[in-house]
Amino acid sequence: MLYIGLYFSPDMLHNQQAKMREIVDKFFSDNWIISVYMGMTVNLLEAWEPYRAARSALANTLDTINIKQQASRHQSRVAKLTPQLEQLLKEGSLTEDSVLSNVNKLMNICRECNVTLRWMLLHTSTPPSGLESMSKKCRQVHDLVITESKYNPLQIFQLLLYTAEYELKMKEIFKHLLSEKETRWLQYKKESYERMAELAEVFSGTKPLTRVDKNEQLQAWFREMTKQIEALSFTEPVATGRKVVHLIQALEEVQEFHQLDSNLQVTQFLADTRRFLHSMLRTMQIKEDALITLQIVADLSYAWELIDRFTPYMQDGLKKDPSLAIKLRATFLKLASALDMPLLRINQANSPDLMSVSRYYSAELVGYVRKVLHIIPETMFSQLARIIELQTNHIKEVPTRLMKDQLRAFAQLDHRYEVAQLTHSISVFTEGILMMKHTLVGVIQLDPKQLLEDGIRRELVVRVASALHSRLVFNPKAKNSELISKLEALGQIMDGYRRSFEYIQDYVSIYGLKIWQEEVSRIINFNVEQECNAFLRHKIHDWQSIHQSQAIPIPKFAPLDNQSVNFIGRLARELLRITDPKITTYIDLMGAWYDNYKKEVLNLRIFSLIQKTVGTPGLTGLDRLLSFMIVTELQGATRTMEKKVLGDKFWQDTLTSLNTAIQPLAQIVGRWP
72 MLYIGLYFSP DMLHNQQAKM REIVDKFFSD NWIISVYMGM TVNLLEAWEP YRAARSALAN
132 TLDTINIKQQ ASRHQSRVAK LTPQLEQLLK EGSLTEDSVL SNVNKLMNIC RECNVTLRWM
192 LLHTSTPPSG LESMSKKCRQ VHDLVITESK YNPLQIFQLL LYTAEYELKM KEIFKHLLSE
252 KETRWLQYKK ESYERMAELA EVFSGTKPLT RVDKNEQLQA WFREMTKQIE ALSFTEPVAT
312 GRKVVHLIQA LEEVQEFHQL DSNLQVTQFL ADTRRFLHSM LRTMQIKEDA LITLQIVADL
372 SYAWELIDRF TPYMQDGLKK DPSLAIKLRA TFLKLASALD MPLLRINQAN SPDLMSVSRY
432 YSAELVGYVR KVLHIIPETM FSQLARIIEL QTNHIKEVPT RLMKDQLRAF AQLDHRYEVA
492 QLTHSISVFT EGILMMKHTL VGVIQLDPKQ LLEDGIRREL VVRVASALHS RLVFNPKAKN
552 SELISKLEAL GQIMDGYRRS FEYIQDYVSI YGLKIWQEEV SRIINFNVEQ ECNAFLRHKI
612 HDWQSIHQSQ AIPIPKFAPL DNQSVNFIGR LARELLRITD PKITTYIDLM GAWYDNYKKE
672 VLNLRIFSLI QKTVGTPGLT GLDRLLSFMI VTELQGATRT MEKKVLGDKF WQDTLTSLNT
732 AIQPLAQIVG RWP
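Following the working numbering, the numbering of the sequence shown begins with 72 at its first residue and continues without gaps.
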């Protein structure tokens with residue numbers, strides 16, 4: 072805000088050196104790259120270059136010694152904080168009791184982590200256009216920071232992961248404590264009251280089993296303590312806190328002055344009461360302010376675009392250890408918190424754009440989450456390819472009856488072990504993504520099972536569309552058509568994908584056959600629609616298609632010839648080319664096409680091959696496309712007749728004569744027996 076506000080006072084930026092020096096010393100003494108809004112960063116070295124006073128004031132900050140000090144200081148913090156967070160995140164380290172006892176210390180660790188992350192991410196960032204677009208001075212400062220901070224992106228990414236997970240745990244504990252704050256406080260008060268009442272009864276001498284002598288003075292004192300504890304009020308935290316402190320001191324003094332240590336039961340009661348009073352004090356100190364402070368400190372809006380540099384590390388980590396998805400969930404939630412402040416301001420302004428802005432940024436973030444997690448289905452498919460190869464080409468099918476001496480040959484233990492190993496790794500990937508739980512990202516809720524299914528669908532669509540595009544390519548000048556061989560090869564690929572889905576569906580808990588049919592139909596129908604656009608007056612664009620999806624997009628490829636848009640057009644035109652009436656004849660009795668040399672060119676088996684390759688949707692699509700072609704030919708013929716034939720008197724006379732000549736002779740017809 073200060074950076075933007077200064078532009079409304081250009082005289083200060085240009086001429087008022089003393090004021091600019093004060094501003095820089097106060098706010099920009101240790102940083103020169105700032106985030107303006109949602110990842111929009113500004114390098115003050117470049118931004119303030121035209122302003123004399125601002126440029127001069129920034130000289131101390133950009134001094135080489137200062138840059139080196141700041142870079143090395145933050146690097147040492149990274150090295151110190153990473154193991155510290157790792158220790159805190161171990162099972163049993165962050166408990167409700169430990170958080171209540173060390174709120175300030177734990178909050179300071181969170182603050183220090185975020186300050187370090189912010190500085191490192193901003194000051195090691197490069198503009199989207201690359202280092203070449205930076206000025207020479209900016210590039211020198213950037214290189215100096217990289218060198219002095221010993222910048223290691225993997226180390227920064229690890230700190231980001233740990234920080235996000237640590238903050239998520241802290242938030243969950245704070246929320247749980249706040250939700251049960253009053254209930255716990257009343258429970259501690261009740262326990263303290265009961266113990267004081269029991270001690271008063273013990274010193275009355277009416278309990279023979281306690282072996283404690285009657286002491287009316289202590290009895291009266293404990294009764295008074297009981298009344299004071301009962302008078303404590305949850306609604307007056309300040310006054311109650313002071314009273315609780317006095318009560319704890321009084322209990323310590325009574326144990327010391329009246330020498331009550333000789334009786335273990337009394338000592339235990341006093342210790343328990345002090346513990347409950349301490350818990351009451353700590354419970355009252357938990358306020359919603361802690362959550363608000365944590366939210367402000369943990370803001371990651373400055374990294375809205377910078378986070379993308381860690382995408383390869385996220386994906387590599389997921390490939391090695393799918394359970395990393397749990398830690399990534401915390402990172403995504405931390406990134407989603409970047410929406411809170413802008414949306415709060417929009418809400419405060421009573422703007423009607425609140426929901427549209429929320430949905431836009433939430434959809435952007437969900438898109439990024441999908442991009443990161445897509446590595447899981449991508450890796451699964453690469454392992455599936457190996458499984459299919461083993462099952463198709465290496466593993467023999469075991470016959471119903473098998474001789475004992477043939478058992479070793481059919482066992483193929485190495486291949487079967489590899490299949491089992493690959494299947495297990497696929498199920499582990501599935502388990503990793505499902506461990507993310509339901510996560511609310513902005514205003515969109517992410518269902519991990521749906522996320523996995525969408526990822527599998529997306530990878531399937533890419534692979535099937537690529538196979539159809541690359542395999543159905545024909546040479547228009549070839550004498551012997553490659554159509555059958557190419558359809559057979561593509562049929563094997565499609566059959567392999569389908570069988571792989573049938574095999575894997577139980578291990579990843581999806582409806583494999585349903586997904587296969589839906590996505591293949593969508594790919595075929597989309598390509599048919601795009602191919603038929605050439606015959607339509609009102610074309611259906613890519614983004615208008617009901618078959619296209621933003622979450623699971625169907626890839627579009629550049630046309631490979633001048634006539635066809637995609638593989639459906641190439642397939643239809645290849646069928647027309649090889650069955651051209653000029654060079655082939657269809658013999659109905661044989662159900663085949665023959666060339667002029669009486670050699671069979673094509674038979675009806677072609678349609679079975681097409682169905683095996685592109686399924687029923689493909690045959691339907693071909694039928695639709697050929698219908699459009701027929702209509703176009705008929706319209707062209709009609710237009711030619713109207714222009715050239717019906718408009719010429721010579722042709723009209725000729726056709727009239729022809730019509731008369733071909734009419735049957737009624738008298739001759741009538742004489743036939």
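Even for Gly, the Cβ is constructed at its ideal location relative to N, Cα and C. Remember, it's a predicted structure, so these values are computed and weren't measured experimentally.
It is roughly 53 Å from the alpha-carbon of isoleucine 564 to the alpha-carbon of glutamine 211. When DSSP states are grouped into helix, strand and coil, threonine 166 belongs to the coil group. Tyrosine 578 places its beta carbon 8 Å or farther from that of isoleucine 527. The stretch 290-305 and the stretch 256-276 touch, with no fewer than 3 CB-CB distances between them shorter than 8 Å. Ranked by Cα distance from valine 544, the options Gln723, Leu646, Gln734, Asp659 are led by Leu646. Taking C-beta separations shorter than 6 Å and ignoring five residues to either side along the sequence, the partners of methionine 191 in its chain run His145, Ile227, following chain order. Between leucine 404 and leucine 414, the CB-CB gap reaches or exceeds 8 Å. Tryptophan 190: member of the alpha helix (DSSP H) spanning 174-194, first to last residue. In the structure shown, the three-state DSSP call for asparagine 674 is strand. Where asparagine 114 is concerned, the enclosing beta strand (DSSP E) starts and stops at 111-114. Where alanine 663 is concerned, the enclosing beta strand (DSSP E) starts and stops at 663-666. Burial state of arginine 529 is buried, judged by a 10 Å Cβ sphere holding 16 or more other Cβ atoms. Between threonine 450 and lysine 398, the beta carbon gap of about 18 Å keeps them out of contact (Cβ cut-off 8 Å).
Exclusion of the five residues before and after phenylalanine 606 leaves Phe699, Met700, Val702, Thr703 as the residues of its chain whose Cβ lies within less than 8 Å of its Cβ. Secondary-structure assignment with DSSP links tyrosine 439 through no beta bridge to anything.
Beta-bridge partners of tyrosine 108 (DSSP): Met111. Within 10 angstroms of the beta-carbon of glutamate 590 lie 16 or more other beta-carbons, which makes it buried.
Secondary structure of threonine 450 (DSSP, three-state): helix. Within its own chain, the residues whose Cβ lies closer than 8 Å to the Cβ of valine 672, once the five positions on either side in sequence are excluded, are Ser552, Ile649, Thr650, Thr655, Ala663, Trp664, Tyr665, Asp666, listed in chain order. Tyrosine 657 is bridged by DSSP to Trp664. For arginine 479, the enclosing alpha helix (DSSP H) covers residues 478-482. If one requires a minimum length of 4 residues, the alpha helix (DSSP H) runs lying completely within the stretch 367-450 are 382-391, 395-407, 411-419, 425-444, in chain order.
Ranked by Cα distance from isoleucine 575, the options Glu435, Ile459, Phe638 are led by Ile459. DSSP, reduced to helix, strand and coil, places arginine 608 outside both helices and strands of the structure shown, so it counts as coil.
In the structure shown, the three-state DSSP call for histidine 618 is coil.
Cβ-Cβ distances below 7 Å link alanine 271 to Gln290, Phe293, Arg294, Thr297 in the same chain, with the five nearest sequence neighbours on each side left out; the list follows chain order. Buried is the label assigned to serine 350, since at least 16 other Cβ atoms lie within 10 Å of its Cβ.
Asparagine 596 is positioned such that its CB atom lies no closer than 8 Å to that of phenylalanine 638. When DSSP states are grouped into helix, strand and coil, glycine 686 belongs to the helix group.
The alpha-carbon of valine 533 is positioned some 43 Å away from that of tyrosine 668. Alanine 409 is a Cβ neighbour of serine 372, given a cutoff of 8 Å. Annotation: the continuous alpha helix (DSSP H) that includes tyrosine 74 extends over 73-77. Its chain contains Asn137 as the residues whose beta carbon lies nearer than 7 Å to that of asparagine 131, once the 5 sequence neighbours on both sides are disregarded; these appear in chain order. When the beta-carbon positions are compared, leucine 697 and alanine 622 stay at least 8 Å from each other. Looking at Asp485, Arg641, Leu631, the one whose alpha-carbon comes closest to that of leucine 554 is Arg641.
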